[in-house]
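A.B. asks: Everything in the sequence shown is counted per this note's numbering, starting at -8 for the first residue and increasing by one. Below you will find the structure I want to go over with you.
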Amino acid sequence: MSTLTYPEAIGVGLLQGVTELFPVSSLGHSILLPALVGGRIQHDLDMTAEGSSYLAALVALHLATALALVVYFRKDWVRVVDGLFGSIRHRRVQTRNERLAWLLVLSTIPVGVAGLVLEKALRNALGKPVPAAVFLALNGLVLLGAERLKRGGTGRRRAGRIAAADDEPGTDPAIASDHRLTRLGYGQGAWIGAAQILALFPGISRSGVTMSAGILRGLHHEDAARFSFLLATPVILAASVLKVPELFKPENSGVLGPVLAGSLAAFVAGYVSVRFLTRYFETRSLTPFALYCFLAGAGSAVYLSL
C-alpha cells in the first residue's frame, strides 16, 4: 500500500490549490508530476495503485480549494442563496440575484449527471501519465482556439449584450459582474456549464474550458473567470461529499494528518490564486496558459513515451 508523507501532501496541496483555478488542469498535473519525478513520489502518488489513498486525498484537497472559493466569493454566495430561497418561497424569478441563482443551478446539472455516469470509467481508462499529457496539450489548443475565435469576432459579436458599458456608475465591481452574468440566457449558461464535462478527461482544465465557453458566448475575460469559479464551487463540493468519506476508512487512518496539512496548503494556495486571477483577467488573456499547456503536455507525452 502506498503512503502519503507530510512533505508530499503539502506539495500536492500547493499544486492543487494553484492548478485547480489556473486554467492548466489540476488532475493532469497531479498525474503527470509524480510520473516525471519518479521514485518514491511516483509510488506514493499513484491513484491507480491497489490500496492507494491518493485519489481520496486529492478530493479532500479539492474540497479545501472549494472552501477557499466560498470564502473569497462569500458575498456573492450570500446573494445567490438568498435569491434561490427567495425564488422558491415566492415561486418566481424576478430579481437579478434570483436569476443568477437559477443560472448556476441549471448550468451545474449537465456536469453533475455526466460526473456520476462517466467519472470513474474515464479515470480508470485515462488516468495515466501519457493520456493526461496528451489531453493537457489539447487543453492548450482549446484555450488558443477560444482566444483566436474571440479576436476573429465570434465572441465579439455577442459581447454587445453582455458589455460593461451600461453598468451604473459607482456600482461595486463584483455586483456589476454578477449583473452582467445574469444577461446570459439559461441555455447559454447551461452550454457553458456543460463544458465542464470535458474536465472529466485528465489534463483538461475545468476553469479553462468553462472560461473558453464563456468567452465564446460573449463574456469578457473577467466575467468568464468569475462565472467559472462560481460554477466550480458546487461541483467540487458535491464530489467531496461522495469521496471524502473514503479517507475515514480504517486503512486510510495513517494519511489523515498529511491530508489535513495538505488541505491547509491547498486552501491558502487556492485563495491566493483566485485573488490573483480575478485581477489578472481584468486586462489579460488565456494565451500564456494555452502555450504552457501545449508545450508542457506535448513535451511530457514525448518524454514519457520514450
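We put the beta carbon where it would ideally sit given N, CA and C, even for glycine.
With PRO101 as the anchor, note down where its alpha helix (DSSP H) starts and where it stops.
C.D. replies: 87 to 117
A.B. asks: Taking only three categories from DSSP, how would you classify LEU277?
C.D. replies: In this structure, LEU277 counts as coil in the three-state DSSP scheme.
A.B. asks: Looking at the structure shown, is HIS211 part of a helix, part of a strand, or coil, going by DSSP?
C.D. replies: Three-state DSSP puts HIS211 in coil, outside helix and strand.
A.B. asks: Buried or exposed: which applies to HIS34, given that a residue is buried once 16 or more other Cβ atoms fall within 10 Å of its Cβ?
C.D. replies: exposed
A.B. asks: Restricting to Cα atoms, I'd like to know which of HIS81, VAL9 and SER16 is closest to CYS284.
C.D. replies: Of HIS81, VAL9 and SER16, the residue nearest in Cα terms is SER16.
A.B. asks: Start and end of the alpha helix (DSSP H) containing VAL71?
C.D. replies: 65 to 81
A.B. asks: Please report the residue range of the alpha helix (DSSP H) in which GLY180 lies.
C.D. replies: 177 to 185
A.B. asks: So which of HIS81, ALA137 and VAL71 has the shortest CA-CA distance to LEU221?
C.D. replies: VAL71
A.B. asks: Give me the residue from PHE76, SER244 and ALA292 with the minimum Cα distance to ALA47.
C.D. replies: SER244
A.B. asks: On the criterion of 16 or more Cβ atoms from any shown chain inside 10 Å, does ARG217 qualify as buried, or is it exposed?
C.D. replies: buried
A.B. asks: Taking contact to mean 3 or more Cβ pairs, one atom from each stretch, closer than 8 Å, check whether the stretch 245 to 252 and the stretch 193 to 213 are in contact.
C.D. replies: no
A.B. asks: Determine the direct distance from the alpha carbon of LEU135 to that of GLY180, and round the result to whole angstroms.
C.D. replies: 22 Å
A.B. asks: Would the beta-carbon of LEU117 fall within 8 Å of that of PRO193?
C.D. replies: If you check the CB distance, LEU117 and PRO193 come in under 8 Å.
A.B. asks: Give the single residue among GLY19, GLN7 and LEU36 whose Cα lies nearest to the Cα of PRO25.
C.D. replies: LEU36
A.B. asks: Going by the beta-carbon positions, is the gap between HIS20 and LEU5 smaller than 8 Å?
C.D. replies: no
A.B. asks: Alpha carbons only, please: which of VAL3, GLY290 and LEU97 is nearest the one belonging to TYR45?
C.D. replies: VAL3
A.B. asks: Taking the alpha-carbon positions, what's the SER296 to ARG87 distance?
C.D. replies: 51 Å
A.B. asks: Run through DSSP, which three-state label would SER264 get?
C.D. replies: helix
A.B. asks: What residue range is occupied by the uninterrupted alpha helix (DSSP H) comprising ILE32?
C.D. replies: 30 to 35
A.B. asks: I believe LEU127 touches GLY29 by the beta-carbon criterion, under 8 Å. Please report the beta-carbon distance rounded to the nearest angstrom.
C.D. replies: Wrong, their Cβ atoms sit about 18 Å apart, outside the cutoff.
A.B. asks: Is PRO279 buried or exposed, if buried means 16 or more other CB atoms sit within 10 Å of its CB?
C.D. replies: exposed
A.B. asks: Once DSSP output is grouped into helix, strand and coil, what is the label at LEU56?
C.D. replies: First, the residue type needs correcting, since residue 56 is Thr and not Leu in the sequence shown. It is helical.
A.B. asks: Per DSSP, what kind of secondary structure is PHE169 in: helix, strand or coil?
C.D. replies: The amino acid occupying residue 169 in the given sequence is Asp; Phe does not appear at that position. It is helical.
A.B. asks: Beta-carbon separation of SER291 and LEU113 under 8 Å?
C.D. replies: No, Cβ-Cβ distance for SER291 and LEU113 is not below 8 Å.
A.B. asks: In three-state terms, what does DSSP make of GLU237?
C.D. replies: Looking at GLU237 - three-state DSSP - the assignment turns out to be helix.
A.B. asks: Is ARG270 helix, strand or coil when you go by DSSP?
C.D. replies: helix
A.B. asks: Considering only C-alpha positions, which residue in the set GLY106, SER78 and GLY176 is nearest to LEU233?
C.D. replies: GLY106
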